[in-house]
Structure formats: C-alpha cells, structure tokens
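J.: Dumping the structure here so I can ask a few things about it.
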Amino acid sequence: MGRFKTLPIKYKFLITIIFIIFIVIWTFVGFVVGRKSVPVTKEKIRIGSLINEDNFPQVADFPNPINGMLYTAQEANAWKDRLPLAVIIENHTDARPQTGLGQAEVVYEALAEGGITRFLAIFLSQDTELGPVRSNRAYFLDWVSEYSAGYAHVGGSPEAQQLVHTYNIKDLDQFYIGAPTYERSSARPSPHNVYTSTQKLRGVAAIKGFNGPVVIDSWQFSDSQARLENRPDKFNLNLGFLGTWGYDVSWIYQKSTNTYLRVNGGGNHIDTVGNKQLETKNIIVQVVKVNPDPSGHGRIRIDTVSTGKAILFKDGVAVLGTWKKDSRTSRTRFYDDKGQEMPINRGSIWVEVVPDSSPISY
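For what it's worth, full-length UniProt numbering labels the leading residue of the sequence shown as 1, then goes sequentially.
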C-alpha cells in the first residue's frame, strides 16, 4: 500500500482503471454464470404452476340441501343452481321395474287407490331417465310445495289438477307438454309406459320460466354414522300398507354399507338404471290418517298438514318420534321423544307414508 503512494500519478491512474475494469468483468462473469441456474428456476415455476386449486384434493363440504350429501365446490357447481324436480312414478306391479328411483334424493311412498302405492321422487343433483310417470293426487302437492319443485305427472284427479293452479305449482304436466319431453314406450302397455328424463324436464321448465335455485328448509343431518363394530348384524323393517298383495315392503339392513335394500311384493325391487336393487341410507315411517275421498272412485285423502307418529330407521336401529307439518308450504319435521329434531344420515332418504292401520314390524 505504501509503494502505491510513491508511484507517479499516471501509474496510479492506470492501476485504478485496470482495477475498475477487473470489477466490471468479474461482475459480468458472475451474472452470466448466475444465469445458468435460470432453467432450474423455470422448471420450478413450471411445476409450481401445476400446484393450483384444481390439483389439490378438494374438501367435500358443500351440502346438498335435500339429503345432506356433501360435495366439493366443483361438484356442487353442476347442480346447486338447478330447479328441484318432483316426479310421480307409479308402483303398479305392471310398472316394475321402474327407472330412476335410485337417483332421487328423497322418495315418498304413499297409497293411491285400491291399496296400490305410488312414488313422489325428488331430484336435484343427479340426471337420469325416469318412469313410468303417472297421475297427480292432491296430497302429493303438499310435499311438492316443500321443495318449490317443478312437478312432473300425467294428468290427475279433478281436485288435484285444480289445486295445481290454485297453489301456483310449477306444472310440468304431460297432458300439456307431450312429446318429445314425454314419450310412450312400446315395451309396456298403457298407462304404464310414459317416460321422460331430468334433462328433458329441466329443458321445458326453463322454457316455461321455472328456474332455480330455490330456498329449501333443510332437515337436520348427522355428521357421523355408526361405526361398523356398533352396527347390528341383522335388521329388517316390514310394512304392510293396506295388505294388498304385491305391495308389502321390506327393507333389509346391510351392515357393511350401513344401508337398506328394498324388497317389494316379495321380490328384490330393481331400478333399471344399472339394474341395481333399490337402496337407501335412511327410512322414515310417517304414520298418517287416511280417509275416503268424497269424490268416490276409490280415491283417498291423507292428512299431511297435521302431526302423528314417526319412526326413523338409520344405522340399523329404530328411533321413535313424531312428525309435524304446520302448513302446506312448510317442511315436514321429525322429532324424537324429547322433542328434538332427529338428525338423518347424509344420503338417500325414503319416506314411507303409511296408514295408522298399517302393520309395522321390525
């Protein structure tokens, strides 16, 4: 350092210039060498771009408001803004096996005439072919109203048809819509041969201005179900309705799946969609008063806006309670013996609406 001080000024200037040039070259070389890591950085960015919301396992925390099933937000986007559909499907022995019942969120089974039962099936999340579709009865409208649903049926009793207009039901009557929304199958005799689909029904509903989403006053759902070791090995529920041959119902509990398989008229009740036996997570037996309809023709009246005995079957056990419906448009609620609303397992639900004279055994 001392020698540098004694050098002539011109040499000092030259050494300084050389030093600056060296620093610039060193910096430039470092920059160029540093750029060799850029491909690695780019690779990290490329991989990182794959780690986005769509590639993380999504949490199923979006509940179906009708049966409580949990979906991811992406799955729910497919149906959350839909109009619910309520479809009358018949259960005459000549109408079996039916199509689409297994895709419903909720199925109501109630008597029509002559001890023959009929179904009201509620659809929201699943698309399916449906049938055979049959005629409207007044008491079904009280359940349709709970969902603000589009109502698919083939005509109906005079009183029921009038009430469709009085109640301002979103009517999808085959009598006024016809083909191609509804079509008759040549494989079955009339009147057991009218078929449609959820897609066709929603298409005509949109044309009529019947759109979703709607507000549904949900039931209470359980966030847990019985563990396998706590489930019974066997459990059967038997319902007689009016004792008419071919319309008795049994539900056979399946421990491994915590579900119930349906038997109707002594045979496994099959859905032609997948040719599978009908199955449900929950069965609610709703005991009602049934009286003859003054109009005759064997028609009946069912007291739906009332209260009565109810039994919830889930997890292979029976929970005794009551049901209550305060008005036509209010939701039917189910309460335990302490007056608390009974939590239902998330999944498919069958409501068996049986006369107070019907035999029930389990």
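The beta-carbon is built from N, C-alpha and C at its ideal position, and this holds for glycine as well.
(1) Count the other CB atoms, across all protein chains shown, that sit within 10 Å of the CB of Tyr139; report buried if there are 16 or more and exposed otherwise.
(2) State the beta-bridge partners of Trp350 as determined by DSSP.
(3) Is Ile116 helix, strand or coil by DSSP?
(4) Note down, in chain order, each residue of its chain lying with its Cβ closer than 6 angstroms to the Cβ of His297, except the 5 sequence neighbours on either side.
(5) Suppose you measure from the CA of Leu111 to the CA of Tyr182; what does that come to, to the nearest Å?
(6) Tell me, to the nearest whole angstrom, how far the beta carbon of Phe123 is from that of Gln103; I am working on the premise that it is less than 8 angstroms.
(7) Taking only three categories from DSSP, how would you classify Ile270?
(8) I'd like to know whether the C-beta atoms of Ser361 and Asn238 end up nearer to each other than 9 angstroms.
(9) Name the DSSP bridge partner or partners of Tyr71?
(10) Which partner residues does Lys314 have in the DSSP bridge list?
(11) Decide if Gly339 is buried, meaning its Cβ has at least 16 other Cβ atoms within 10 Å, or exposed.
(12) Grab me the residues of Ser218's own chain with a C-beta within less than 6 angstroms of its C-beta, minus the 5 sequence neighbours each way, in chain order.
(13) Can you tell me where the alpha helix (DSSP H) holding Gln162 begins and where it ends?
(14) Would the beta-carbon of Asp173 fall within 9 angstroms of that of Ala152?
(15) Grab the span of the alpha helix (DSSP H) containing Val204 for me, first residue to last.
(16) In this structure, what does DSSP give as the bridge partners for Tyr253?
(17) Pick helix, strand or coil for Asn77, following the three-state DSSP scheme.
(18) Can you tell me the Cα-Cα spacing of Thr128 and Val194, whole angstroms?
(19) Nearest to Pro158 by alpha carbon, out of Tyr335, Phe313 and Asp293?
(20) Considering just the uninterrupted stretch of the alpha helix (DSSP H) at Ala86, what are its terminal residues?
(21) Classify Ala121 as helix, strand or coil using the three-state DSSP reduction.
(22) Assign Glu279 to buried or exposed, taking buried as 16 or more other Cβ atoms, counted over all protein chains shown, within 10 Å of its Cβ.
(23) Is Val215 buried or exposed, if buried means 16 or more other CB atoms sit within 10 Å of its CB?
(24) Per DSSP, what kind of secondary structure is residue 363 in: helix, strand or coil?
(25) Could you name the residues of the same chain whose beta carbon sits closer than 6 angstroms to that of Val290, not counting the 5 residues immediately before and after it, in chain order?
(26) Quick one: grab the DSSP three-state call for Ala152.
(27) Which two residues bound the contiguous alpha helix (DSSP H) that contains Tyr139?
(28) Does the distance from the CB of Ile283 to the CB of Gly68 come in under 9 angstroms?
(29) Please confirm whether Thr198 and Leu130 have their CB atoms less than 9 angstroms apart.
(30) Going by DSSP, which residues form a beta bridge with Gln174?
T.: If we stick to the structure as given:
(1) Walking along the sequence shown from the start, residue 139 turns up at place 139. Buried is the call here.
(2) For the purposes of this step, residue 350 is taken as the residue at position 350 of the sequence shown. Answer is Val107 and Ile283.
(3) The sequence position of residue 116 within the sequence shown is 116, counting from 1. If DSSP states are grouped into helix, strand and coil, Ile116 belongs with coil.
(4) Translated into the one-based positions of the sequence shown, residue 297 becomes position 297. Result list for His297: empty, nothing under 6 angstroms.
(5) Working through the sequence shown from its first residue, we reach residue 111 at position 111. Working through the sequence shown from its first residue, we reach residue 182 at position 182. Rounded to whole angstroms, Leu111 to Tyr182 spans 24 angstroms at the Cα level.
(6) One-based indexing of the sequence shown puts residue 123 at position 123. One-based indexing of the sequence shown puts residue 103 at position 103. Right, their Cβ atoms sit about 7 angstroms apart.
(7) By 1-based counting over the sequence shown, the position of residue 270 is 270. Ile270: strand per DSSP, three-state reduction.
(8) As a first step, residue 361 is located in the sequence shown; it is residue number 361 there, counting from the start. As a first step, residue 238 is located in the sequence shown; it is residue number 238 there, counting from the start. Yes. Within cutoff.
(9) Your numbering for residue 71 matches position 71 in the sequence shown. BP columns for Tyr71 point to Phe62.
(10) The residue labelled residue 314 in the question sits at position 314 within the sequence shown. For Lys314, which the question treats as bridged, DSSP gives the partners Val317.
(11) Counting from 1 along the sequence shown, the entry for residue 339 is found at position 339. Exposed, because fewer than 16 other Cβ atoms sit within 10 Å of the Cβ of Gly339.
(12) As a first step, residue 218 must be located in the sequence shown, where it is residue number 218. Same-chain partners within the cutoff: Pro65.
(13) Translated into positions along the sequence shown, residue 162 becomes position 162. Segment Pro158 to Thr166, the alpha helix (DSSP H) holding Gln162.
(14) As a working mapping, residue 173 is identified with position 173 in the sequence shown. As a working mapping, residue 152 is identified with position 152 in the sequence shown. Cβ atoms of Asp173 and Ala152: closer than 9 angstroms.
(15) Taking the sequence shown and counting its residues from 1, the one referred to as residue 204 is at position 204. From DSSP, the alpha helix (DSSP H) with Val204 extends over Thr198 to Ile207.
(16) For this step, residue 253 is matched to residue 253 along the sequence shown. Beta-bridge pairing links Tyr253 to Tyr260.
(17) Counting from one through the sequence shown, the residue named residue 77 turns up at place 77. In the structure shown, Asn77 sits in coil (DSSP, three-state: anything other than H, G, I, E or B).
(18) By 1-based counting over the sequence shown, the position of residue 128 is 128. By 1-based counting over the sequence shown, the position of residue 194 is 194. In a straight line, the C-alpha of Thr128 is about 15 angstroms away from that of Val194.
(19) Translated into the one-based positions of the sequence shown, residue 158 becomes position 158. Closest option to Pro158, Cα to Cα, is Asp293.
(20) Taking the sequence shown and counting its residues from 1, one reaches residue 86 at position 86. Where Ala86 is concerned, there is no enclosing alpha helix (DSSP H), although the beta strand (DSSP E) it sits in stretches over Leu85 to Glu90.
(21) Start at 1 with the first residue of the sequence shown, and residue 121 comes out as number 121. If DSSP states are grouped into helix, strand and coil, Ala121 belongs with the strands.
(22) By 1-based counting over the sequence shown, the position of residue 279 is 279. Answer is buried; the Cβ neighbour count reaches 16.
(23) In the sequence shown, the residue the question calls residue 215 occupies position 215. Under this definition Val215 is an exposed residue.
(24) Outside the displayed span of the chain (1 to 362) sits residue 363, for which this structure offers no information.
(25) Against the sequence shown, residue 290 aligns to sequence position 290. Closer than 6 angstroms at the Cβ level, and outside the excluded window around Val290, lie Ile300, Ile302 and Pro355.
(26) Mapped onto the sequence shown, residue 152 falls at position 152. Three-state DSSP puts Ala152 in a strand.
(27) The residue given as residue 139 occupies position 139 in the sequence shown. Its alpha helix (DSSP H) spans residues Ala138 to Val144.
(28) Taking the first residue of the sequence shown as 1, we reach residue 283 at position 283. Taking the first residue of the sequence shown as 1, we reach residue 68 at position 68. Their beta carbons are not under 9 angstroms apart, which means Ile283 does not touch Gly68 by this criterion.
(29) Translated into positions along the sequence shown, residue 198 becomes position 198. Translated into positions along the sequence shown, residue 130 becomes position 130. Cβ atoms of Thr198 and Leu130: closer than 9 angstroms.
(30) In the sequence shown, the residue the question calls residue 174 occupies position 174. Gln174 pairs with nothing; no bridge assigned.
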